Every structure is written in C-alpha cells, then in structure tokens.
Amino acid sequence: AAHRLARLAALTDDEGQPLVPAAHPDRWWGLFEPTRATTPLRDRDRPVALSPSSLDNLVSTCSLQWFLGREVKADAPATAAQGFGNVVHVLADEVASGRTPADLDVLMARLDSVWDALAFDAPWKSAQEKQNARVALERFLSWHVMDRAGRTPAASEHDFDVTLEAGEYEVRIRGSMDRVETDAQGRAYVVDFKTGKSAPTKDEVARHPQLAVYQLAVREGALDEVFDGRRPEPGGAELVQLRQAAPKKEGGDALPKVQAQEPLSGEWVGELLAGAAGRVLDERFTPTTGQHCATCSFRASCSARPEGRHVIE
C-alpha cells in the first residue's frame, strides 16, 4: 500500500502539478499535531460575557458542547421541539403583558396560525405535539390565574444586562427573564417557563445555575427599572414545567409542575461564575460524557465519542 501511495503521489500532469495530491502524507490531517489559536477567544481586559440560560451547559453538562454551540455557533438549525418552546413562550408573554386575553380558544387560534411552519418528521408527530402544546397552554392559563401567595406580575420577557465581580473576574450577565412577579413585601420573584420533557431533581433545583444567576442579577440591579428605581430583595426563583403535571396534592394534571429555588445563601453562585469565567478565558473546553451525548449535535467532532476520535491515534 505504501508503494502504491508513493507512486500516486509522484504522478504529475504536463505542467508538473500533482495528479493525486491527497496521496502524499503531508496532506493527511490525521497526522498533524494539534494546534493552538494565536488569537485569544476572549479579551482578558474586558468582562466575560455569559448567558444565564447556557451557564448550566458550560459548568455542569459539557463545556465542549457549550463552546461549539454558543461560541462557535456551529449548532444544527432549530428543531421542531425548539419551535414548540418558542411558540409557547411567545403566547405566555402575550398573556402576561395583556396583548392577548387569557383564553384558551384565542391562544389556540394564534397557535394554529404558525403551527404549520414547524418542521415535524411526520403528520402524526405534528398532531401529537399540537395536543401537547394545548395541554401546556391549559396548564399555563390555570397557573396564570391562580393565587400564588398574593404575587402579581411585574414584567414579562424582561431583558437585562449587569456586570458584577466574581472572584478575580468581572462577569457580564446578559439575558431575559420570562416573567417577574412581586409580593406584598415588594420582593422580586423570577419565573422561567420550561417546555422540555425532563426536569431537574429537587437537589439540582436548589443549585440550579440559571435560577441562581437570575437571583444574583436582581441583587445587582437587573430589575431596578421594573421597580421604579428601587432595588428589590430577591424572594426566590422557579421553573414552571408546562409539559409536566403538578403532583396530585398541588393540583395534578390541571397545573404545571413548579420547582422553586429559595433565596440565595452563601457564596456558591459567585464561585460558580468565577469558575465559568476562568474556564472561558483559559479556553478549557473538554468533553464530558453523559445522557446528553445521545442528543448532542457535535458527536462527530467530539474526542469522547467513537465517531469523533482522530483517524490515527
């Protein structure tokens, strides 16, 4: 085989150009040594910009997946499941802001107007997911009108941008809060709607990075404009799982599962942000295996997966 490759590599045309350039070992990228970028990914003299919604991916799930998806933006096009979530979020925002009445028939009519734009694999899947969307919207409406210890809506889809110190780093947190509520004591509660099929455990919610960073952002002034210039005290944050029913003692199928995080205590959130910022600045993006690998878009580029390993090792 080596002799044949050598003969192929030596073949040239009338102008002396190689006819089979790929036969020469110098063209085999699998033999190259790994390279390092000469330009830093982020400027160390500027705050490290991070998104609360992707922080869990960076620090807990897989930093390589975060890098390829968030930083390189090499992720696959949006799926129908993501479209499902986007539509439900938009409708929840319209109800909270008063632009659309809290009426299921009205919401389903709005859903019908955009549903066919979602690319499902088969008609039966589209019909199944449309029914799931209806159930999710029913749960949202029931949750929206119920009394939650006197809490009232204060903002919906609230964009924020705060810079804070985390250890030796400055971190810039930019994101959007699905919903903000307040109680009679003037405390702020951040609500994040979820439309996925899985939910974190109780212990995971207690240390949920996204919810914790929302609460930290409230401390740093993310909601001052919503509260007329006053800095509200965080009352907690919660995930509202619209695809999943509440436990029977909390309403059962008619209501969504609500997973609350208590007001922050200790310094663990700052330490989490400092670790994330250091990882980004040091460019330490290593693969972490787990259940998430089954649906990862980057398996062919991941050294932890058989399909992503080097050709020659």
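Counting the sequence shown from 1 gives a position; this note's numbering is that position plus 1229. A virtual CB, placed ideally from N, CA and C, is assigned to each residue, including glycine. On a predicted model such as this, the values are computed, not experimentally measured, just so you know.
(request) Determine the burial state of Thr1411: buried for a count of at least 16 other Cβ atoms within 10 Å of its Cβ, exposed for fewer. (result) buried
(request) Would you kindly check if the distance between the Cβ of Ser1530 and the Cβ of Ala1303 is under 9 Å? (result) yes
(message) Here's the rule I'm using: 16 or more other beta-carbon atoms within 10 Å means buried, otherwise exposed. How should Gly1404 be labelled?
(response) buried
(message) Between which residues of its own chain and Val1455 is the CB-CB distance below 7 Å, once the five residues before and five after are set aside?
(response) Ala1383, Ala1384, His1387 and Val1409
(message) Going by DSSP in three states, Glu1536 sits in which element: helix, strand or coil?
(response) helix
(request) Thinking Gly1504 and Val1288 are a contact (beta carbons under 8 Å), I'd like their distance in whole angstroms, please. (result) 6 Å
(message) So Ser1371 and Arg1513 are supposed to be a Cβ contact under 8 Å. How far apart are they, rounded?
(response) Wrong, their Cβ atoms sit about 45 Å apart, outside the cutoff.
(message) I'd like to confirm the pairing. Which residues does DSSP put opposite Ser1289 in its beta bridges?
(response) Ser1289 is not bridged to any residue.
(request) Let me know the secondary structure DSSP gives Leu1340 once reduced to three states. (result) helix
(request) Please classify His1373: does DSSP put it in a helix, a strand, or coil? (result) helix
(message) Out of Ser1427, Val1434, Leu1440 and Val1400, which one is the CA nearest neighbour of Tyr1418?
(response) Leu1440
(message) When you compare the CB positions of Pro1516 and Ser1526, do they come within less than 9 Å of one another, or not?
(response) no
(request) Check Val1434 in the structure and name its three-state DSSP category. (result) helix
(request) Report the three-state DSSP secondary structure of His1387 (helix, strand or coil). (result) strand
(message) Using 9 Å as the threshold, is the C-beta distance between Arg1273 and Leu1510 below it?
(response) yes
(request) Report all residues from its chain with a CB closer than 8 Å to the CB of Glu1262; omit the five preceding and five following residues, and keep chain order. (result) none
(request) Report the residue from Asp1376, Ala1252, Ala1230 and Gly1507 whose alpha carbon sits nearest the alpha carbon of Leu1237. (result) Ala1252
(request) Run through the segment 1444–1498 for me and flag every whole alpha helix (DSSP H) of 4 or more residues, listed as ranges in chain order. (result) none
(request) Report, in whole angstroms, the separation of the C-beta atoms of Thr1347 and Gly1312, which I expect to be a contact under 8 Å. (result) Residue 1347 is actually Leu in this sequence, not Thr. Leu1347 to Gly1312, Cβ: 4 Å. Contact.
(request) Using a threshold of 9 Å, state whether the C-beta atoms of Met1375 and Leu1468 are closer than that. (result) no
(request) For Phe1349, write down the residues that DSSP places opposite it in a beta bridge. (result) Beta-bridge pairing links Phe1349 to no other residue.
(message) Using a Cβ-Cβ cutoff of less than 8 Å, which residues in the same chain neighbour Asp1285 once the five nearest sequence positions on both sides are dropped?
(response) His1437, Pro1438 and Gln1439
(request) Please go through the same chain and pick out, in chain order, the residues whose beta-carbon is closer than 6 Å to the beta-carbon of Leu1234, but skip the five residues on each side of it. (result) Ala1252
(request) Pick out whichever of Arg1339, Gly1495, Arg1460 and Val1420 has its Cα sitting closest to the Cα of Lys1486. (result) Val1420
(request) Closer than 6 Å by C-beta to Phe1296: which residues in its own chain qualify, once you throw out the five before and the five after it? Chain order, please. (result) Phe1514
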